[in-house]
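Heads up, the thing below is written out as structure tokens.
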Amino acid sequence: MDVFRQNVQEMLKGHGIDAALIEVPPNPTMGDFAVPCFTLAKKHKKSPQQIAADIAAILKPNAYIIRVEANGPYLNFFVNTTKRAVRVLSDIFSQKKSYGLLKAKGKKILIEFPSPNTNKPLHLGHVRNILLGQSISRLLEAMGNTVTKVNLNNDRGVHICKSMLAYKLFGNNQKPTTKTDHFVGDYYVLFNQKLAEKPELEEEAQKMLTQWEQGDAEVVAIWKQMNQWALGDFEQTYKKFGLKFDREYFESDIYTKGKEMVMACLEKGIMYKDETGAVFIDLTPWNLGKKCLMRADGTSIYITQDLYLAKLKHDEFRFDRSIYVVASEQDHHFKVLFKVLELMDYPWASNLYHLSYGMVYLPEGKMKSREGTVVDADDLVEQMQALAQTELDKRYPELAQKEKAERARKIGMAALRFFILKYDATKDFVYHPEESISFEGETGPYLQYTVARINSILKKYGKAAEEMVDISRFNADEHFLIKRLDSFPQIIEEAADQLKPHILTRYLLDLGLAFNEYYHKHQVLQEDKELEKARVLLVAMVKQVLENGLYFLGIDVLKEM
RNA sequence: GCGCCUGUAGCGCAGCCUGGAUAGCGCGGCAGCCUUCUAUCGCAGGAAGCAAGCUGUAGGUCGGGGGUUCGAAUCCCCUCAGGCGCGCCA
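Be aware that the first sequence starts at 3, since it is given in our numbering, and climbs by one per residue.
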């Protein structure tokens with residue numbers, strides 16, 4: 003715990019004030035810590051104002067807390083800003099990239115994402131999924147956990163058969179001419195178009211699934227071919243996001259094991275067969291209704307394989323916690339899944355967690371993959387980079403093509419990542435490409451630009467920042483910046499504990515904003531060399547923290563914009 | 001019908017879990033700083049606003065009602081509106 007807060011706690015010990023009452027005042031001019039005295043009023047039969055004044059008069063400041071003031075019904079504590087500055091700056095200076103990291107937690111955490119279906123390419127929704135998964139993985143690692151990233155390929159089921167059927171009927175054995183996952187997706191769209199004319203296709207797709215499960219040679223051959231196309235080029239998309247998995251699962255490998263688990267439950271009486279022969283579980287006591295786990299014809303259902311996969315993941319990794327990053331549309335599915343596993347008596351069932359996230363819309367409206375009106379992930383990445391490129395062309399027509407393309411890539415991705423991660427995951431939002439790439443406002447490029455500005459100052463300074471500076475030269479604005487830097491480790495911990503990257507984005511914007519205000523008010527490089535040295539250290543540390551924070555969002559910084 | 005999520009300035013969001021001091025931030029307004037072949041370390045006046053920065057300013061029944069509390073955006077109940085789900089799809 004923070005040495006300053008500890009001091010406040012100790013000061014309050016003899017006054018019957020619970021440490022839980024200590025809070026941070028809304029405004030920095032009110033001090034660094036505060037205690038509201040309302041609750042003491044009854045006990046002491048005095049007004050809170052009087053109590054605050056009385057206690058303030060008795061409390062003795064020390065080396066850490068240099069001032070205690072009564073402010074109306076509040077007790078306000080002011081820390082020794084010099085001591086804080088020394089500690090914060092030397093922490094960042096010595097820890098560099100590790101500033102904000104914690105070794106303590108040491109849990110084994112599994113995180114599953116983005117788990118695509120192999121009948122269509124990745125789209126905007128997957129992008130949110132991937133960005134959340136990556137960011138949360140990094141945050142959890144920062145807390146000293148071992149994070150295992152796994153991906154489940156949903157490569158079997160009726161939906162897969164639909165694109166297969168369309169290809170079989172209308173594909174004329176054509177080979178892909180486009181990115182191969184897109185090629186597969188086009189047949190899924192085609193299926194749904196043809197379905198409007200020929201409703202019997204629905205039944206045919208279902209029949210195809212049965213044939214697939216029975217190992218029909220022709221069906222399996224089409225399946226293999228199309229899956230290879232889909233999966234092969236998913237890799238390309240993952241690469242653009244720098245995404246690698248520690249373990250990949252395939253639904254086609256595991257679904258039969260799920261059926262075995264269901265059969266076992268049937269024997270134990272946890273599940274039952276209805277009059278048609280389909281297997282159900284009754285979850286009405288938990289207000290989750292009845293759930294079918296196996297069809298009368300013996301074919302498996304999505305949840306069936308998920309039952310086994312949960313167990314398999316535990317068998318393989320002995321996780322302390324297993325996180326599923328999946329859209330909120332499936333909230334119900336996961337409630338059911340976790341409840342069934344609990345009823346099956348797996349002790350680890352309580353360590354499963356569904357990280358649910360909302361929809362992403364575009365200004366044009368909702369995406370429908372059946373109609374092919376999705377925003378494709380690859381197109382989106384490309385579009386963002388093109389937007390960044392245009393911006394750079396305007397500003398630096400002289401810049402070498404190669405350098406410009408590299409900057410455009412980083413800026414485009416930063417725009418995308420930051421815009422998507424800045425929203426609370428539970429919420430739906432509209433993605434505005436143009437707005438996200440703006441260099442002003444709450445964007446990734448704004449923060450990259452802030453870092454680039456600092457780089458520019460440091461470059462002009464010409465030397466490395468030195469640790470030993472005259473702290474007494476810092477003014478209130480500088481101490482305010484330092485206070486911000488001081489809170490970074492807590493922010494990381496909070497974002498990691500709550501699995502909420504948006505807490506971090508908010509912090510980084512605050513810090514960036516605070517720095518830019520400072521930048522305009524005070525000149526870093528100047529005549530007074532002692533002051534210059536101190537300011538150089540401060541801005542270098544601001545840069546370090548911005549970079550550390552952006553890392554957890556997967557955003558690269560640039561030397562120059 | 002039932003369940004879950006959401007409702008905070010013109011628009012987009014944070015704050016709600018862990019109740020406290022004037023409800024923050026961004027975009028857009030307005031007024032400036034400023035910029036105008038480099039303000040990413042720099043700065044005369046005028047004009048313009050092409051601007052990736054900053055300041056000030058306007059703008060709020062925290063969806064509505066009730067309750068708990070010394071104190072409610074925050075907790076509880078009711079209610080209205082929107083989204084998602086309640087599949088032998090995934």
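We put the CB at the ideal spot given by N, CA and C, even for glycine. These figures come from a predicted structure and were not determined experimentally.
(message) I'd like to confirm the pairing. Which residues does DSSP put opposite I2 in its beta bridges?
(response) Outside the modelled stretch of the chain, which goes from 3 to 563, sits residue 2, for which no answer is possible.
(request) Tell me H125's beta-bridge partners as DSSP assigns them. (result) As a position in the first sequence, residue 125 is number 123, starting the count at 1. The partner list for H125 (beta bridge, DSSP) reads D378.
(message) If I follow the unbroken alpha helix (DSSP H) through R249, where does it start and stop?
(response) Within the first sequence, numbered from 1, the residue matching residue 249 stands at position 247. First-last for R249: 249-252, but that is the beta strand (DSSP E), not the alpha helix (DSSP H).
(request) Output the boundary residues of the beta strand (DSSP E) element that contains K292. (result) As a working mapping, residue 292 is identified with position 290 in the first sequence. It spans 292-296 - the beta strand (DSSP E) in which K292 sits, taken as one unbroken run.
(message) If you measure between the beta carbons of I53 and L61, is that distance less than 8 Å?
(response) Along the first sequence, one-based indexing puts residue 53 at 51. Along the first sequence, one-based indexing puts residue 61 at 59. No. Outside cutoff.
(request) Determine the burial state of W288: buried for a count of at least 16 other Cβ atoms within 10 Å of its Cβ, exposed for fewer. (result) The residue you call residue 288 lines up with position 286 of the first sequence. Taking all protein chains in view, the Cβ of W288 is surrounded by fewer than 16 other Cβ atoms within 10 Å, so the residue is classified as exposed.
(request) Would you kindly check if the distance between the Cβ of M13 and the Cβ of N78 is under 8 Å? (result) Reading the first sequence from its first residue, position 76 is the one you call residue 78. Reading the first sequence from its first residue, position 11 is the one you call residue 13. For N78 and M13, no; Cβs fall outside 8 Å.
(message) Does the structure place the segment 481-490 close enough to the segment 429-447 that three or more beta carbon pairs sit under 8 Å?
(response) Taking 8 Å as the limit for Cβ pairs, the verdict is that the segment 481-490 does not touch the segment 429-447.
(message) To test your reading of the DSSP string, which unbroken beta strand (DSSP E) runs of 3 or more residues are found completely within the segment 451-475?
(response) Whole beta strand (DSSP E) segments, 3+ residues: zero.
(request) Would you kindly check if the distance between the Cβ of P116 and the Cβ of N153 is under 8 Å? (result) In the first sequence, residue 153 corresponds to position 151, counting from 1. In the first sequence, residue 116 corresponds to position 114, counting from 1. Yes, they are a contact pair.
(request) Mark R397 as exposed unless 16 or more other C-beta atoms lie within 10 angstroms of its C-beta, in which case mark it buried. (result) Taking the first sequence and counting its residues from 1, one reaches residue 397 at position 395. By the neighbour-count criterion, in which a residue is buried when 16 or more other Cβ atoms sit within 10 angstroms of its Cβ, R397 is exposed.
(message) Using C-beta distances below 6 Å, list every residue in its chain close to Q391, excluding the 5 sequence neighbours before and after it, in chain order.
(response) Taking the first residue of the first sequence as position 1, residue 391 is located at position 389. Contacts found: A410.
(message) Just to confirm before moving on: does the CB-CB distance between L506 and I493 stay below 8 Å?
(response) Within the first sequence, numbered from 1, the residue matching residue 506 stands at position 504. Within the first sequence, numbered from 1, the residue matching residue 493 stands at position 491. A contact, by the Cβ cut-off of 8 Å.
(request) State the beta-bridge partners of K275 as determined by DSSP. (result) What you label residue 275 is simply residue 273 of the first sequence in a count that begins at 1. According to DSSP, residue pairing for K275 in a beta bridge involves V281.
(request) Would you kindly check if the distance between the Cβ of L112 and the Cβ of G556 is under 8 Å? (result) Against the first sequence, residue 556 aligns to sequence position 554. Against the first sequence, residue 112 aligns to sequence position 110. It is not a contact, given that the beta carbons lie outside the stated cut-off.
(message) Looking at the secondary structure, which residues open and close the beta strand (DSSP E) in which I413 lies?
(response) Numbered from 1 along the first sequence, position 411 holds the residue referred to as residue 413. Looking at the DSSP string, I413 is not in any beta strand (DSSP E); the run it does join, the alpha helix (DSSP H), is 403-423.
(request) Could you say which of D56, D34, L104, K164 lies nearest to E202 if we only look at CA atoms? (result) Within the first sequence, numbered from 1, the residue matching residue 202 stands at position 200. Answer by Cα proximity: K164.
(request) State the Cα-Cα distance for the pair M228 and V538, rounded to the nearest angstrom. (result) Here residue 228 is taken as the residue at index 226 of the first sequence, counted from 1. Here residue 538 is taken as the residue at index 536 of the first sequence, counted from 1. Cα-Cα distance, rounded: 57 Å.
(message) By the three-class DSSP mapping on this structure, what secondary structure does L38 have?
(response) On the first sequence, residue 38 is found 36 positions in, with the first residue counted as 1. Reading off the sequence shown, one finds Pro at residue 38, where the question assumed Leu. In the displayed model, P38 falls within a strand according to three-state DSSP.
(request) Check each candidate in R320, K170, T212, K242 and name the one with the smallest Cα separation from W350. (result) Reading the first sequence from its first residue, position 348 is the one you call residue 350. Among R320, K170, T212, K242, the Cα nearest to that of W350 belongs to R320.
(message) As an exercise, report each continuous alpha helix (DSSP H) stretch of at least 4 residues that is fully enclosed by the segment 174-212, in chain order.
(response) Listed in chain order, they are 182-199.
(message) Rounded to whole angstroms, what is the Cα-Cα separation between E318 and V327?
(response) As a working mapping, residue 318 is identified with position 316 in the first sequence. As a working mapping, residue 327 is identified with position 325 in the first sequence. Using only the alpha carbons, I get a separation of about 19 Å.
(request) Return the Cβ separation of F490 and V547 in integer angstroms, given the expectation that the two are a contact with Cβ distance under 8 Å. (result) The count along the first sequence starts at 1 and reaches residue 490 at position 488. The count along the first sequence starts at 1 and reaches residue 547 at position 545. Contact flag correct, Cβ pair sits at about 5 Å.
(request) Could you tell me the boundaries of the alpha helix (DSSP H) in which R583 lies? (result) Outside the shown range of the chain, which is 3 to 563, sits residue 583, and nothing can be said about it.
(request) Please determine, among F185, T286, K270, the residue with the shortest C-alpha to C-alpha distance to L233. (result) In the first sequence, the residue the question calls residue 233 occupies position 231. Restricting attention to F185, T286, K270, the CA atom closest to the CA of L233 is found in F185.
(message) My output table needs one value for S49: the three-state DSSP class, helix, strand or coil.
(response) As a first step, residue 49 must be located in the first sequence, where it is residue number 47. Coil at S49, not helix or strand.
(request) Return the first residue and the last residue of the alpha helix (DSSP H) that N550 is part of. (result) One-based indexing of the first sequence puts residue 550 at position 548. Here the alpha helix (DSSP H) through N550 covers 531-553.
(message) Short of 6 Å in beta carbon distance, which residues of its chain neighbour G414, apart from the five on each side in sequence? Order them along the chain.
(response) Against the first sequence, residue 414 aligns to sequence position 412. Here G414 has M386, Q387, A390 as same chain residues with Cβ atoms under 6 Å from its own Cβ, once five neighbours each way along the sequence are excluded.
(message) What does the Cβ neighbour count give for T306, buried or exposed, with the cut at 16 atoms within 10 Å?
(response) Position 304 of the first sequence holds residue 306. By the neighbour-count criterion, in which a residue is buried when 16 or more other Cβ atoms sit within 10 angstroms of its Cβ, T306 is buried.
(message) Checking the sheet assignment: what are the DSSP bridge partners for N119?
(response) As a first step, residue 119 is located in the first sequence; it is residue number 117 there, counting from the start. Paired residue(s): N156.
(request) Find out if the Cβ-Cβ distance for the pair G551, L510 is shorter than 8 Å. (result) Taking the first residue of the first sequence as position 1, residue 551 is located at position 549. Taking the first residue of the first sequence as position 1, residue 510 is located at position 508. Going by C-beta atoms, G551 is nearer than 8 Å to L510.
(request) Consult DSSP for E331 and reduce its assignment to one of helix, strand or coil. (result) Numbered from its first residue, the first sequence carries residue 331 at position 329. In the structure shown, E331 falls within a helical segment according to DSSP collapsed to helix, strand and coil.
(request) Apply the 10 Å Cβ neighbour rule to T182 and answer buried if 16 or more other Cβ atoms are within range, or exposed otherwise. (result) By 1-based counting over the first sequence, the position of residue 182 is 180. By the neighbour-count definition (other C-beta atoms within 10 Å, threshold 16), T182 is a buried residue.
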